Each structure stands twice: as structure tokens, then as C-alpha cells.
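**Student:** When we follow UniProt numbering, the leftmost residue of the sequence shown carries the number 1, and every step to the right adds one.
Backbone N, C-alpha and C fix where the C-beta goes; we use that ideal spot for every residue, glycine too.
On a predicted model such as this, the values are computed, not experimentally measured, just so you know.
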Amino acid sequence: MTVPTLLRGRYGMLVSIPVALLLQLWPGGHWLPLAVSGLWLLIGAPAVLWRAVAFRAVSSPGAAFLVAVGLTVLTDMVVALTVNFALPLAGVERPLERDVLACASAMVLLVLGALAPDDMPPWRSGGRIAGLVPVGVLCAVALTLSVAGPVRLNNGLGGAVSVFALVVVAALLVLLMVRRERYRDGVVELGLYASAASLLLLTSLRGWYITGHDIQREYLFFRLTLGGSYWDISAYNDPYNACLSVIMLPISLVRMTGIPDFYVFKAVLPLLFALTPVLVHRSVRHVAPKFVALLSAVFFMVFPTFFTDMAFLGRQEMAFLLLGCAMVVLTDTARPMRLRRILFTVLLAGIVLAHYSTTYVVVATLGMAWAVDLVSRVFRREKGPRRSHRFRTRSFLTWWMVLAPAVLALVWAGPVTHTGGQLRTTLTEAADSVLHPGGEAGSSDTSYSIFGGTVTTPEQRLAEFERLKIRETAERRADGELLPLKTVRKYPLETVEPESLPLSAAGRMLDSAGVDVAAVNAFLRQSAAQLLQVLLLIGLVAAALARLRRTRRTGRRGKSGTTDEDRAKDTGKAGGPRRNRHRVFVPERDQITLSVASLVVVGLMTVVPQLSVDYGVLRAFQQGLFFFAPFVATGLLWLAGWLGRWAAPVTCALVTGLFLDLTGVVPKMVGGYPAQLHLDNAGRYYDNYYPMTEERLAAYWLQTRTEKQNPRPGLQTENFTYRKVQTVYPGAAQGSNFPLQLSTHEYVLLGSTTVWKDEVTLFYRGDLVTYRYPTGLLDETKNLIYSSEGAEIYR
Numbered sequence: 001m002t003v004p005t006l007l008r009g010r011y012g013m014l015v016s017i018p019v020a021l022l023l024q025l026w027p028g029g030h031w032l033p034l035a036v037s038g039l040w041l042l043i044g045a046p047a048v049l050w051r052a053v054a055f056r057a058v059s060s061p062g063a064a065f066l067v068a069v070g071l072t073v074l075t076d077m078v079v080a081l082t083v084n085f086a087l088p089l090a091g092v093e094r095p096l097e098r099d100v101l102a103c104a105s106a107m108v109l110l111v112l113g114a115l116a117p118d119d120m121p122p123w124r125s126g127g128r129i130a131g132l133v134p135v136g137v138l139c140a141v142a143l144t145l146s147v148a149g150p151v152r153l154n155n156g157l158g159g160a161v162s163v164f165a166l167v168v169v170a171a172l173l174v175l176l177m178v179r180r181e182r183y184r185d186g187v188v189e190l191g192l193y194a195s196a197a198s199l200l201l202l203t204s205l206r207g208w209y210i211t212g213h214d215i216q217r218e219y220l221f222f223r224l225t226l227g228g229s230y231w232d233i234s235a236y237n238d239p240y241n242a243c244l245s246v247i248m249l250p251i252s253l254v255r256m257t258g259i260p261d262f263y264v265f266k267a268v269l270p271l272l273f274a275l276t277p278v279l280v281h282r283s284v285r286h287v288a289p290k291f292v293a294l295l296s297a298v299f300f301m302v303f304p305t306f307f308t309d310m311a312f313l314g315r316q317e318m319a320f321l322l323l324g325c326a327m328v329v330l331t332d333t334a335r336p337m338r339l340r341r342i343l344f345t346v347l348l349a350g351i352v353l354a355h356y357s358t359t360y361v362v363v364a365t366l367g368m369a370w371a372v373d374l375v376s377r378v379f380r381r382e383k384g385p386r387r388s389h390r391f392r393t394r395s396f397l398t399w400w401m402v403l404a405p406a407v408l409a410l411v412w413a414g415p416v417t418h419t420g421g422q423l424r425t426t427l428t429e430a431a432d433s434v435l436h437p438g439g440e441a442g443s444s445d446t447s448y449s450i451f452g453g454t455v456t457t458p459e460q461r462l463a464e465f466e467r468l469k470i471r472e473t474a475e476r477r478a479d480g481e482l483l484p485l486k487t488v489r490k491y492p493l494e495t496v497e498p499e500s501l502p503l504s505a506a507g508r509m510l511d512s513a514g515v516d517v518a519a520v521n522a523f524l525r526q527s528a529a530q531l532l533q534v535l536l537l538i539g540l541v542a543a544a545l546a547r548l549r550r551t552r553r554t555g556r557r558g559k560s561g562t563t564d565e566d567r568a569k570d571t572g573k574a575g576g577p578r579r580n581r582h583r584v585f586v587p588e589r590d591q592i593t594l595s596v597a598s599l600v601v602v603g604l605m606t607v608v609p610q611l612s613v614d615y616g617v618l619r620a621f622q623q624g625l626f627f628f629a630p631f632v633a634t635g636l637l638w639l640a641g642w643l644g645r646w647a648a649p650v651t652c653a654l655v656t657g658l659f660l661d662l663t664g665v666v667p668k669m670v671g672g673y674p675a676q677l678h679l680d681n682a683g684r685y686y687d688n689y690y691p692m693t694e695e696r697l698a699a700y701w702l703q704t705r706t707e708k709q710n711p712r713p714g715l716q717t718e719n720f721t722y723r724k725v726q727t728v729y730p731g732a733a734q735g736s737n738f739p740l741q742l743s744t745h746e747y748v749l750l751g752s753t754t755v756w757k758d759e760v761t762l763f764y765r766g767d768l769v770t771y772r773y774p775t776g777l778l779d780e781t782k783n784l785i786y787s788s789e790g791a792e793i794y795r
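1) If I follow the unbroken beta strand (DSSP E) through Glu-464, where does it start and stop?
2) Does the beta-carbon distance from Pro-61 to Val-287 come in below 9 Å?
3) By Cβ distance below 6 Å, which residues in the same chain neighbour Leu-762 in space, the five residues on each side in sequence not counted?
4) Do Leu-643 and Leu-531 have their CB atoms nearer than 9 Å?
5) Round the Cβ separation of Arg-217 and Arg-723 to the nearest angstrom and send it over; I've been treating them as touching at under 8 Å.
6) Tell me which residues share the same chain as residue 797 and place their Cβ nearer than 6 Å to its Cβ, disregarding the 5 neighbours each side in the sequence.
7) Go through its chain and collect everything with a Cβ distance to Leu-49's Cβ below 6 Å, but skip five positions before and after it.
8) If you pair each beta-carbon of the region 172-185 with each one of the region 667-674, do three or more pairs fall below 8 Å?
9) In chain order, what residues of the same chain lie with their CB nearer than 6 Å to the CB of Val-600, ignoring the 5 residues before and after it?
10) Report, in whole angstroms, the separation of the C-beta atoms of Ala-354 and Ala-319, which I expect to be a contact under 8 Å.
11) On the three-state DSSP scale, how would you describe Thr-417?
12) According to the neighbour-count rule (16 or more other Cβ atoms, all chains shown, within 10 Å of its Cβ), is Ile-785 buried or exposed?
13) Below 8 Å on the Cβ atoms is my contact criterion, and I expect residue 805 with Arg-589 to pass it. Report the Cβ-Cβ distance as a whole number of Å.
14) By the DSSP assignment, the beta strand (DSSP E) with Asp-767 in it spans what residues?
15) From what residue to what residue does the alpha helix (DSSP H) around Gln-703 run?
16) Give me whichever residues DSSP pairs with Tyr-794 in a beta bridge.
17) Helix, strand or coil for Thr-41 per DSSP?
18) How far does the alpha helix (DSSP H) with Phe-720 in it reach, from first residue to last?
19) Which residue comes first and which comes last in the alpha helix (DSSP H) that contains Phe-628?
20) Between Ala-165 and Ala-142, is the Cβ-Cβ spacing less than 9 Å?
21) If you reduce the DSSP assignment to three classes, tell me which class Ser-234 lands in.
22) Would you be able to state if there are at least three C-beta pairs under 8 Å between the region 700-707 and the region 512-532?
23) Alpha carbon to alpha carbon, what distance is there between Asp-118 and Tyr-209?
24) Please state the DSSP three-state secondary structure of residue 801.
25) Determine the burial state of Gly-228: buried for a count of at least 16 other Cβ atoms within 10 Å of its Cβ, exposed for fewer.
26) DSSP state of Leu-493, grouped into three classes?
27) Which of the three DSSP states, helix, strand or coil, is assigned to Phe-682?
28) Hey, would you say Leu-190 sits closer than 9 Å to Phe-306, going by beta carbons?
29) Note down the Cα distance separating Ala-148 from Pro-134, rounded to an integer number of angstroms.
30) Val-361: which of Gly-159, Ala-104 and Leu-323 sits nearest, CA to CA?
31) Might you give, ordered along the chain, the residues of its own chain that have their beta carbon closer than 7 Å to the beta carbon of Asp-185, omitting 5 neighbours on each side?
32) Three or more beta-carbon pairs under 8 Å between the region 231-240 and the region 148-163, yes or no?
33) Can you list, in chain order, the stretches of the beta strand (DSSP E) that have 3 or more residues and sit fully within the region 33-111?
34) How big is the Cα-Cα spacing for Thr-473 and Gly-735?
35) What residue from Asn-155, Leu-109, Pro-33 and Met-77 has the CA that sits closest to Tyr-690's CA?
36) In the DSSP assignment, what are the bridge partners of Phe-306?
Shown next, in the form of C-alpha cells:
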């Protein structure tokens, strides 16, 4: 055997790992070898080695690679966690340093390389791959524009480049839909990955600092652990600090690659999360035709939560990545059930370490799915043994697969991290709202649901919040710690509606023709939400009937379960694509039960107020799309099937229009809709989450002024400004400067939005409420000691 042949297989992997480790340990090395070797040890080499293991549980090299990425993320978290707990026992005070993490990673990879199977089929190569060039060009253009667009906006320029990036992504998706039958799955998934990455980067790269809601708090706990190179949950007992996906994983990436920490959060994590639409496509492709699988991935991306919020939720990004990998394993029925169940449960364990809320929703969904399956089996058994035999199929989910992640979640949130208080509070308040209805309403996001939901006006929310704060502050106010109620009430509060973009030339033309542009924009958004849910219900019924017909057909042949021939026909892999007027795919049994269970979870979040407040119905629907996205696609194709030969063109046009509207291109072109962060330097997200230099400078000035005072006076500021400056001002601070909570002796910091527009936004019971801030109250009761163009401080 020649040396080149040895270096191409397992031996090449085993040689590359010590070389990468040497580059990691080399003192004063250049940043490029450090970054390349770190990425190889953390992502590249583990993915290659886990691919061979995953191939035992999934049937295609592509699926094995995708699952291997999820196992790689889990491995990185577990290695860092093990090092963090094991080495202090040997006297190492700072275990999360580069040399320690690099050595530990290399040792794990060497063991995995020695034990992993070496029978992976090679990647197909040679010959011209149809569609690779046009898809590759559009991918490159979209990714380039998705980086250039945020950079221009961050520099104070316009959003034209970002709009063009979305148009290019739309063109790429149209190309994939039109040419889907001619392109390999790998080419389609390349286009899906680039589209998803472009959408996420347009949002995640906004701002030169950490921008967004949850990500600012995630970054805070990451920095606290990074500074000491040791994770101690007892030091900061917060659920965010128990999510290893935003603690251990970023620390390993920062230490071993040298990538600046904020770009790990703003770029690396989103680029990993961009694989989720690909995972949706692959999981659906195992059981459905190409068009159903492609539309499933597009619907997953086009849902607004994907590109407006997920880029700010690093811990949920990694949890969703692992959930997508689990779904790929679940739907690949060509591998032994036992191996798939084991791998599925391992991936669920990774979700437990990545994000607590995602874990709870997954456990609830799995439990309900198992219960639905159990009830259906009992019902069939009562119909008689003959009918029971006809419908006999083996379910993937079992009781221990529900119990295992539930127990792990309770152990992790209980005796290990002691961060389960939020779950107990949520369940207690949810039970109280059910037993004693008529209390405060849940999030107004429930208004998008066809299950019902309530709409609470901003005035009602503000009034509720005022009543709550009057009760909570009564004792401190009586002690003289807060401003007198009589003084505060001299300045009544009024809500402010979010500003809309001015009408463009096209918008003014429509307005002159009698079209209410703002009303049409709002109607389209609301209608899009309702459309997705209606399509889901239609698709569930159509797919369930298709499965029923197939089961009866196999029953008449005297067989149980699904034959390979039936599955090939359903997925379009036998004798060419399946030609059916309504293009209905035949789902696996577990897909139906999981989709029904996920719908029940979304329904519960709609009707139980506290659930919608603590988790969010939109995030729950985004998570549910892992299970029921193919049914949404099936519903659309079933309806379009009545159009005959026009079905495919109409479907492509409708999906493209939906994409352009929900991503903000249409509202941006006509105006009359609130600005969106990824397209403008304006809007509610920009005001609340975009970090301003003036705010950070003001916080730093106050930090230097008060650092020698003992005791140091406290600082009050509104919650969103507090999150943006908390890494700059380490002193005692609280994220509320609501007039009823103003102290008589603490500093008050007004952020840029308040200085420029006299507005403050509060987050209460899942809703954002913007109100006019009474700066006159501060002028009457305090002294202005610091003022700049974007920040003011009172004392």
C-alpha cells in the first residue's frame, strides 16, 4: 500500500489530528493556522469520523454527514464539560484554556478514529453535475450580498443591497423549484443552505456589537465563564448559564480558533443553524417526492421567526440543529430500528444540554405523540383482530424514548444545575390560569393562530403593568425609597404606535388609486399566517387518507407494514417521479402522530396564557415545522392539483410571493409597514436591540466615575438599554426605569431611543409596549449630570 493511499483513509485522519494539535500548541503562531487547525479539530475531523458512525443508522452518505454535524456539536459540548469538571480535581484552576481543550479534543478524536467503522461509501465524483454551476453562482452572489448588506447598514447607508440579496435568494429558490427533477438532492440542499445562511446573516450581522434580544444575555454569561476559564453554575444560577450551546461550545471555538467571540455568536452559530432547512429537506425526502421535500424546507425558512428571531437565540439554534438531525434519523426507515432509536435518543440528550425550553416542548410533543399512537392502537384492537392485523405497523417511538429525555432534563435542571425554577413557575401559573380563568391574557402573538387567541391592546397592557407596579412598589414607596406616587401621577403615560415606513413612489401610486397600502400590508401578513395553518390541516387530512389507502392495499395483499416498493413509489424513486394529480405523499406513522402532538402543543400555548408568555407561540410553531412542514407542503400541492398543468407554476409563484412579502421586500418597496432590522436603520427591533456607541460610552463614563464609591450607587435604565450595556457597566444595575419604579437616590440612564424620540418600550406578558417617556418627571426630581447625542444620565 502506497503512502498516498494510506493518507486518504483512516490513517490520513489519524495523522491530521496530531498535526492540528501541534499547530494549536505552537507558541506565537499565526492566526490563520490557528483558525484552520481549530476548526478542523472542533468541526471538520469530528464530522468526518461521526459520519461513518451515523451511516449505520441512516442510509445515505449525505444524511450521515448532516447527522454527523449534530453529533459534532454534541461532542464539543461534552468534551468541554468533561474537561471543566475533571481537571480541577487534578489541580488545574483554568481548565477551559486553549491547550487543555485542544489536547482533550485531539484525544477524543484519536479514540473515535480508532473505533469508528471504516466502511463508508465514497462520495460520488466525476462527470458533470447538473445544476451545480448556476446554483453555485447564485449561492455565492447571495452570500456575498448578505454580508455586504448589513455592513452598509451598520455604516449608516441604505438597505438596497440587503433587498437585492433577498431578491437573489428568491431567484435561487425559484431555480430549485423549477429544476428540482433534474438536480440531485445534494445540489438542491446546497441551494437551500446558502439561502438559509443568507437570510440569517442579513439579521445576525447587524451592528458592530452583539445585537438582539436573548443573544445579549447569552453573551453576558459566556463572557463571565470565558474570563475565568471555568464554568461554575453556582456562581451565576441562571437557566441561560445552564445552556452549554452558548457557554461551552462558543468557548471552545474562541479558544481554539481565535475567532473574535462576538463573531462566533453573530456568524458561526447562525451558519451552523443554517443547516436546519437542509435537515428538514432530507428528513422529508426519505418519505416524500422532491417537490414536497423542497417546499417543506422553504416553508421552514419563510416563516418569519426563522430570520427575524432565531439569529438572536444561539442556544435554540443549536437545539434546533440537533432536533433536525433527530428527524432525519426518525424518517430513514431503511436502517435497523434499534440503531435509529439509540441515535435518536442520543441527539435528544444533546438538546437537553443545549436549551431547556426546546427540551420541554420536545418532551411534551413526544409524550403526546406516544399517547396518540397508544390510543389509536387500542381503538384498532377494539375493532377486532382482523382489522388490527391489517393496520399493524411498528412505531418508532417507544415509552423509554419519551422517558429518557424527560429524566435527563429533570436531572440537568434539578440536582446538576438547580435551574428548574422557571419550569416550576410556568407550570404553576399555567395550572392556575386554567383552574381560575379570567386573569391576564397571554401574548398577542396568539392572534395569528386559527385556534383562537386574544388580542390585548397596548393600552390594556400598559394599564395592567401600571397596576402591577403600584402593588409591588407600595412598601418601598412608603419607606421613601421611591418617588412619591402623587409626583409620578402628574405625568400620565400614553402608548405610541410603531412607526411605519413612508410610502414609496409605488406606494403613493397605489394610494392615489384608492388602495390603503398599510391595511393591505397588515392583511397580507395576517393572511399568510392563516394560510399556513389551513394548508397544514388540509395536508394532514390528505396525507392521512393516503396512508390509510396504502395500508388497506397492503392489507389486501396479506402484508403488514410498508414494502420497499411502496416506499419507492411514494418518494418518487421508482420509475421516475410519482405523477399524481394531487401530489400527496404517504407519511410514516410517527410523522402523523408527532404532527398531531405538535399541533396540540401549539394549541395549548394559544389557549393557556402563561405558556404563550414564557415560550412564545411563534417559536413553538417554528419548532413544530420540523414535524408538520411536509403536511403544509402537501396541503398546497393538493389544492394546486386542481389546476392541472398550471399547478406547478402557480405553486412556484405563490411561494415566491410569500417569500418576498414575509422577508420584507414587498413592504420595503411600497412602504406603509413598520421597518425591519435586516433592511433598515429604523423600527422597533432597531430601537430596542441595536447597540449604540453613545450608550456604551455613557455607561463606561459612569463606571469610571463610581468605581471607587463604596457603596456604589445603583443604576436604573430601561430593560433593552440595560442588556446592551451590561457588559460595560458591571455595577449594581436594574433593567427598569418605569416611572413608578424610579428611586430617589439612584442614577438613571436614558438610552438613544429615549433621548431621540422620548420613547421607551417594555416587554410584558409576551408583548412589546411602547410608551411616551415622561422626561419632565426626571427634570423635576433629579439633576442631569451627563448628556450626549444619544444618552443622558440623571442623579
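**Tutor:** In this structure, then:
1) As a position in the sequence shown, residue 464 is number 464, starting the count at 1. Element bounds for Glu-464: not the beta strand (DSSP E) but the alpha helix (DSSP H), 458-472.
2) Residue numbering aside, residue 61 sits at position 61 when the sequence shown is read from its first letter. Residue numbering aside, residue 287 sits at position 287 when the sequence shown is read from its first letter. In this structure, Val-287 does not lie closer than 9 Å to Pro-61 by Cβ.
3) As a working mapping, residue 762 is identified with position 762 in the sequence shown. Only Val-769 meet the Cβ criterion.
4) On the sequence shown, residue 643 is found 643 positions in, with the first residue counted as 1. On the sequence shown, residue 531 is found 531 positions in, with the first residue counted as 1. No, the Cβ-Cβ distance between Leu-643 and Leu-531 is not below 9 Å.
5) Numbered from its first residue, the sequence shown carries residue 217 at position 217. Numbered from its first residue, the sequence shown carries residue 723 at position 723. Correct: roughly 6 Å between the Cβ atoms.
6) The structure shown does not extend to residue 797, since the chain is modelled only from 1 through 795, so no value can be given for it.
7) Taking the sequence shown and counting its residues from 1, the one referred to as residue 49 is at position 49. Answer for Leu-49: Leu-112, Gly-113 and Ala-116, listed in chain order.
8) no
9) Along the sequence shown, one-based indexing puts residue 600 at 600. So the list reads Met-368, once near-sequence residues are dropped.
10) For this step, residue 354 is matched to residue 354 along the sequence shown. For this step, residue 319 is matched to residue 319 along the sequence shown. Correct: roughly 4 Å between the Cβ atoms.
11) On the sequence shown, position 417 is the one that residue 417 refers to. Here Thr-417 sits in coil by DSSP.
12) Within the sequence shown, residue 785 is the residue found at index 785, counting from 1. The residue is exposed, with fewer than 16 neighbouring Cβ atoms inside 10 Å.
13) Nothing can be reported for residue 805: it is not among the residues displayed for the chain, which extend from 1 to 795.
14) Against the sequence shown, residue 767 aligns to sequence position 767. Start and end: 767-772.
15) Residue mapping note: residue 703 aligns to position 703 of the sequence shown, counting from 1. Segment 693-706, the alpha helix (DSSP H) holding Gln-703.
16) For this step, residue 794 is matched to residue 794 along the sequence shown. Paired residues: Val-748 and Leu-784.
17) Numbered from its first residue, the sequence shown carries residue 41 at position 41. According to the sequence provided, residue 41 is Leu. The question's Thr does not apply to it. Residue state, collapsed to three classes: helix.
18) Locating residue 720 in the sequence shown gives position 720, where the first residue counts as 1. Taken as a continuous stretch (DSSP letters only), the alpha helix (DSSP H) holding Phe-720 covers 719-725.
19) If you number the sequence shown from 1, residue 628 lands on position 628. Taken as a continuous stretch (DSSP letters only), the alpha helix (DSSP H) holding Phe-628 covers 617-640.
20) The residue given as residue 165 occupies position 165 in the sequence shown. The residue given as residue 142 occupies position 142 in the sequence shown. Yes, they are a contact pair.
21) Here residue 234 refers to the residue found at position 234 when the sequence shown is read from its first residue. Coil at Ser-234, not helix or strand.
22) no
23) Here residue 209 refers to the residue found at position 209 when the sequence shown is read from its first residue. Here residue 118 refers to the residue found at position 118 when the sequence shown is read from its first residue. Rounded to the nearest angstrom, the two C-alpha atoms are 44 Å apart.
24) Because the chain here runs from 1 to 795, residue 801 falls outside it and cannot be looked at.
25) Taking the first residue of the sequence shown as position 1, residue 228 is located at position 228. Burial call: exposed.
26) Mapped onto the sequence shown, residue 493 falls at position 493. In this structure, Leu-493 counts as coil in the three-state DSSP scheme.
27) As a position in the sequence shown, residue 682 is number 682, starting the count at 1. According to the sequence as given, residue 682 is Ala; it is not Phe. DSSP places Ala-682 in coil when its eight states are reduced to three.
28) The residue labelled residue 190 in the question sits at position 190 within the sequence shown. The residue labelled residue 306 in the question sits at position 306 within the sequence shown. Taking 9 Å as the Cβ cut-off, Leu-190 and Phe-306 do not qualify as a contacting pair.
29) Along the sequence shown, read from residue 1 onward, the residue named residue 148 stands at position 148. Along the sequence shown, read from residue 1 onward, the residue named residue 134 stands at position 134. Approximately 21 Å between the Cα atoms of the pair.
30) Within the sequence shown, residue 361 is the residue found at index 361, counting from 1. The candidate whose alpha carbon is nearest that of Val-361 is Leu-323.
31) Translated into the one-based positions of the sequence shown, residue 185 becomes position 185. Excluding positions up to five away in sequence, the list reads Gly-62 and Arg-285.
32) no
33) none
34) Working through the sequence shown from its first residue, we reach residue 473 at position 473. Working through the sequence shown from its first residue, we reach residue 735 at position 735. Near 15 Å, if we compare the C-alpha coordinates of Gly-735 and Thr-473.
35) On the sequence shown, residue 690 is found 690 positions in, with the first residue counted as 1. Among Asn-155, Leu-109, Pro-33 and Met-77, the Cα nearest to that of Tyr-690 is on Asn-155.
36) Counting from one through the sequence shown, the residue named residue 306 turns up at place 306. Answer is none; Phe-306 lacks a bridge partner.
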